[in-house]
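Each position in the sequence shown, counted from 1, maps to that position plus 72 in our numbering.
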Amino acid sequence: MATFAISSSESAVSFATTDTDARLIAIAALLQGSTSSICTLEESGIHSPKLLDGRRYASYDGRFEDAIVRQMVVNDGGAGDVNFHSLEFHGYSDLETMKEGSVVSSFLSNGGSDSTWIFSHWEAIKAERAKQRLNLMHLEDYGIPYGYSPVLLASEHTLEKQPDMVSRVLAALDRGYKFCAENPYAAAEILQSEGKHPSLSDLQFLEESQLSIGSKYLLEDDAGEEDEGVWGRMDLERWTNWVDFLFDHGIVTDRKGVSLPRISVNVKNLFTNEFLPKA
Numbered sequence: 073m074a075t076f077a078i079s080s081s082e083s084a085v086s087f088a089t090t091d092t093d094a095r096l097i098a099i100a101a102l103l104q105g106s107t108s109s110i111c112t113l114e115e116s117g118i119h120s121p122k123l124l125d126g127r128r129y130a131s132y133d134g135r136f137e138d139a140i141v142r143q144m145v146v147n148d149g150g151a152g153d154v155n156f157h158s159l160e161f162h163g164y165s166d167l168e169t170m171k172e173g174s175v176v177s178s179f180l181s182n183g184g185s186d187s188t189w190i191f192s193h194w195e196a197i198k199a200e201r202a203k204q205r206l207n208l209m210h211l212e213d214y215g216i217p218y219g220y221s222p223v224l225l226a227s228e229h230t231l232e233k234q235p236d237m238v239s240r241v242l243a244a245l246d247r248g249y250k251f252c253a254e255n256p257y258a259a260a261e262i263l264q265s266e267g268k269h270p271s272l273s274d275l276q277f278l279e280e281s282q283l284s285i286g287s288k289y290l291l292e293d294d295a296g297e298e299d300e301g302v303w304g305r306m307d308l309e310r311w312t313n314w315v316d317f318l319f320d321h322g323i324v325t326d327r328k329g330v331s332l333p334r335i336s337v338n339v340k341n342l343f344t345n346e347f348l349p350k351a
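Laid out in structure tokens, this is it:
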């Protein structure tokens, strides 16, 4: 069984609202800024979420994903009548997707769907280099106060039984992310040499990707002098805004589809900064 997991912040919400003894807690934000976008091909004419009514959306089947996209459409003035369909194995059962590391070329460009969720520092840059013109619809621009994504998660049991190990892992990650922020070209070379995946064969793409995402690794200048340049730290207000949104719009439901009450989740129990290196 894995000791750590990488996912979105809503995964912590999901584990906190299921009938299981397992609880995953976010212990570090891998990015401070969001790179999530809903994308369409420019030629589709779908340049805003409301135009997704009656169109297809290739879903990764995250517990809250479709409802978030539907609310994004509604916030833009649409009805939320999106035709959701699944990406089997997140699209990676498709050999072209596995090779390219992107669903844009393997699904959207081939007519397999009209839209999907991407990370702009990866799929959008790949598309740009392939001369594929995209419409990118950022969640925050349409009333979605998206939380931290991705985050590093660990179980309550791990945090209780192996706190020193967790702290050492986060200290190593802290050094690594700061190195990447300061040395994007070297980071790209290391990723290529150590990753050894077909989607990592283009070093120039990796460099462009690192340059795109590098400013989101650490807290920005306006975070305050004490927090500037800090990696991993999470803010209670941002978590609270995201969780409130999920509950206010009935997105958090039980297995029968019944909306759960806001009291179901104590935000302070979803994440911790305790194991991060001290500034």
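For every residue, glycine included, the Cβ atom is placed at its ideal position computed from N, Cα and C. For clarity, every value in this text was computed on a predicted model and none was experimentally measured.
Check your understanding: Do the segment 272-290 and the segment 105-122 meet, that is, are 3 or more Cβ pairs less than 8 Å apart?
Key -> Two segments are said to touch when three or more pairs of C-beta atoms, one from each, lie closer than 8 Å; by this definition the segment 272-290 touches the segment 105-122.
Practice item. Specify, as a first and last residue, the run of the alpha helix (DSSP H) that residue 207 falls within. Key: Indexing the sequence shown from 1 puts residue 207 at position 135. Segment 206-210 is the beta strand (DSSP E) holding residue 207; no alpha helix (DSSP H) there.
Check your understanding: For residue 73, does the count of other Cβ atoms within 10 angstroms reach 16, so buried, or fall short, so exposed?
Key -> The sequence position of residue 73 within the sequence shown is 1, counting from 1. A residue is called buried when at least 16 other Cβ atoms come within 10 angstroms of its Cβ; residue 73 does not meet this threshold and is exposed.
Point to revise | Three-way DSSP call (helix, strand, coil) for residue 129 in this model | key: As a working mapping, residue 129 is identified with position 57 in the sequence shown. Shown here, residue 129 sits in a strand according to DSSP, grouped into three states.
Exercise for review: Assign residue 121 to buried or exposed, taking buried as 16 or more other Cβ atoms, counted over all protein chains shown, within 10 Å of its Cβ.
Suggested key: Counted from its first residue, the sequence shown places residue 121 at position 49. Burial call: buried.
Exercise for review: Could you tell me whether the segment 91-99 touches the segment 337-346, where touching means 3 or more Cβ pairs closer than 8 Å?
Suggested key: yes
Practice item. Could you check if residue 282 is buried or exposed, using at least 16 other CB atoms within 10 Å of its CB as the buried criterion? Key: As a first step, residue 282 must be located in the sequence shown, where it is residue number 210. Residue 282 should be labelled buried.
Review point. From 149, 144, 233 and 202, pick the residue whose C-alpha is nearest to that of residue 189; which is it?
Key: Sequence index remark: in the sequence shown, residue 189 carries index 117 (1-based). The shortest Cα separation from residue 189 among 149, 144, 233 and 202 belongs to 144.
**Study point:** Boundaries (first-last residue) of the alpha helix (DSSP H) holding residue 155
**Key:** Working through the sequence shown from its first residue, we reach residue 155 at position 83. Careful: residue 155 lies outside any alpha helix (DSSP H), inside the beta strand (DSSP E) at 155-158.
Check your understanding: Which residues mark the beginning and the end of the alpha helix (DSSP H) in which residue 244 is found?
Key -> Here residue 244 is taken as the residue at index 172 of the sequence shown, counted from 1. That run of the alpha helix (DSSP H) goes 235-254.
Review point. So is residue 82 buried or exposed if we call it buried at 16+ other beta carbons inside 10 Å?
Key: Counted from its first residue, the sequence shown places residue 82 at position 10. Under a 10 Å Cβ-count criterion, residue 82 is classified as buried, with 16 or more other Cβ atoms of the shown protein chains found around its own Cβ.
**Study point:** Cβ contact check for the segment 111-131 and the segment 145-159: 3 or more pairs under 8 Å
**Key:** yes
**Study point:** Member of 197, 337 and 231 whose CA lies at the smallest distance from the CA of residue 314
**Key:** Here residue 314 refers to the residue found at position 242 of the sequence shown. Nearest C-alpha to residue 314: 337.
Check your understanding: Thinking C-beta only, is residue 225 closer than 8 Å to residue 76?
Key -> The residue given as residue 76 occupies position 4 in the sequence shown. The residue given as residue 225 occupies position 153 in the sequence shown. Yes, Cβ-Cβ distance for residue 76 and residue 225 is below 8 Å.
Exercise for review: In the DSSP assignment, find the beta strand (DSSP E) that holds residue 271 and state where it starts and stops.
Suggested key: Counting from one through the sequence shown, the residue named residue 271 turns up at place 199. Neither: residue 271 is in no beta strand (DSSP E) and is coded neither H nor E.
Exercise for review: Please report how far the alpha carbon of residue 272 lies from the alpha carbon of residue 257, in whole angstroms.
Suggested key: Translated into positions along the sequence shown, residue 272 becomes position 200. Translated into positions along the sequence shown, residue 257 becomes position 185. If you take the alpha carbons of residue 272 and residue 257, they lie about 14 Å apart.
Point to revise | Proximity winner among 318, 205, 114 and 185, relative to residue 131 (alpha-carbon distances) | key: Start at 1 with the first residue of the sequence shown, and residue 131 comes out as number 59. When only C-alpha atoms are compared, the closest one is 185.
Point to revise | Which of helix, strand or coil DSSP assigns to residue 87 | key: As a working mapping, residue 87 is identified with position 15 in the sequence shown. The three-state secondary structure of residue 87, taken from DSSP, is helix.
Review point. By DSSP, does residue 151 sit in helix, in strand, or in coil?
Key: The residue you call residue 151 lines up with position 79 of the sequence shown. Looking at residue 151 - three-state DSSP - the assignment turns out to be coil, as it is neither helix nor strand.
Exercise for review: May I ask which residues mark the beginning and end of the alpha helix (DSSP H) holding residue 118?
Suggested key: As a working note, residue 118 is residue 46 in the sequence shown. First-last for residue 118: undefined, no H or E at that position.
Review point. How many angstroms separate the CA atom of residue 306 from the CA atom of residue 219?
Key: In the sequence shown, counting from the first residue as 1, residue 306 sits at position 234. In the sequence shown, counting from the first residue as 1, residue 219 sits at position 147. Rounded to whole angstroms, the gap between the alpha carbons of residue 306 and residue 219 is 10 Å.
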